[in-house]
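Read through the structure below, which is laid out as structure tokens, and then see the notes.
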Amino acid sequence: MVSKLAAQGISDAQVLAAMGHVERHRFVDTALVNQAYEDTSLPIGLGQTISKPNVVARMLELLRQGAGSPAGKLGRVLEIGTGCGYQAALLGQLASEVYSIERLRGLHDKARENLRAFRLANVHLLFGDGMVGYARGAPYAAIIAAAGGEAIPPAWIEQLAVGGRLVAPMHVAGGAQALVVLDRTPQGVTQTVLEAVHFVPLKSGTS
Ligand code: SAH
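Counted from 1, the sequence shown has number 105 at position 103 by our numbering; the numbering is strictly sequential.
Have a look at this one:
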């Protein structure tokens with residue numbers, strides 16, 4: 003999987019190392035284990051999906067290219083949409099602290115179970131509505147969302163450190179969804195719209 007990612011243009015050595023280290027098959031149901039290393043999104047229960055490895059790697063690489071990640075590890079990171087915990091485990095390798103929020107209790111519990119074996123003391127799983135971010139961990143060097151809404155919630159921008167970067171899917175004109183990179187600079191916020199993506203919807207409230 004890692005050599006395929008490199009061939010697809012992922013060049014960040016730390017991202018590739020993390021993707022090699024965190025075994026994706028540990029995060030999917032037994033019936034899907036033989037598909038775990040294919041470049042495909044997979045169901046994780048409750049109608050949600052774990053993204054394709056290529057999209058996960060691309061987003062992590064974009065996060066690390068932000069000003070908040072000078073050379074080494076990222077500082078504090080907020081993840082919206084823990085899902086099965088796969089990306090949270092990767093972030094645990096790339097950042098000093100990770101706060102990951104999930105709105106579905108069933109997946110929050112599943113992620114806790116999946117991550118237990120990794121013993122990542124720096125990954126904090128939270129149950130709640132990620133639309134409001136997590137103010138107690140702010141400001142964040144980086145924010146990453148695995149679910150896309152109509153716009154970037156204002157709380158995320160407020161909780162992003164100056165110099166920090168946010169990477170998220172968002173609806174753009176014509177009903178399509180695209181990857182958006184938002185940088186908070188001392189002069190203000192800049193937004194770049196990148197390629198089309200297909201993420202599950204960002205929903206408010208918990209269930
Ligand atoms: N990064 C995850 C991908 C999970 S899919 C992984 O590696 O498995 C996206 C997740 O976002 C879903 O589990 C969905 O329930 C969650 N989600 C959607 N809206 C949310 C919100 N407002 N707050 C927190 N989680 C949310």
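Yeah, the Cβ is synthetic: ideal placement off N, Cα and C, and Gly gets one too. Small disclaimer: the values here were computed from a predicted structure and weren't measured.
- Following the DSSP letters along the chain, one finds residue 52 inside the beta strand (DSSP E) bounded by residues 50 to 52.
- Per DSSP, the continuous alpha helix (DSSP H) segment holding residue 4 begins and ends at 4 to 9.
- With contacts defined as CB atoms closer than 8 angstroms, residue 109 and residue 100 fail to qualify as a contacting pair.
- At the C-beta level, residue 37 and residue 44 come within 8 angstroms of one another.
- Judged by DSSP secondary structure, residue 137 falls outside any alpha helix (DSSP H); it is assigned neither H nor E.
- Excluding its 5 nearest sequence neighbours in each direction, residue 89 has C-beta neighbours in its own chain below 7 angstroms: 58, 81, 148, listed in chain order.
- A residue is called buried when at least 16 other Cβ atoms come within 10 angstroms of its Cβ; residue 104 meets this threshold and is buried.
- Shown here for residue 22: same chain residues with a beta carbon closer than 7 angstroms to its own, the five before and five after excluded, namely 4 in chain order.
- Scanning 97, 183, 84, 173 for the CA closest to the CA of residue 131 turns up 84.
- Straight through space, the alpha carbons of residue 20 and residue 116 are spaced by roughly 16 angstroms.
- Residue nearest to residue 176 within the set 152, 186, 160, 191 is 152 (criterion: CA-CA distance).
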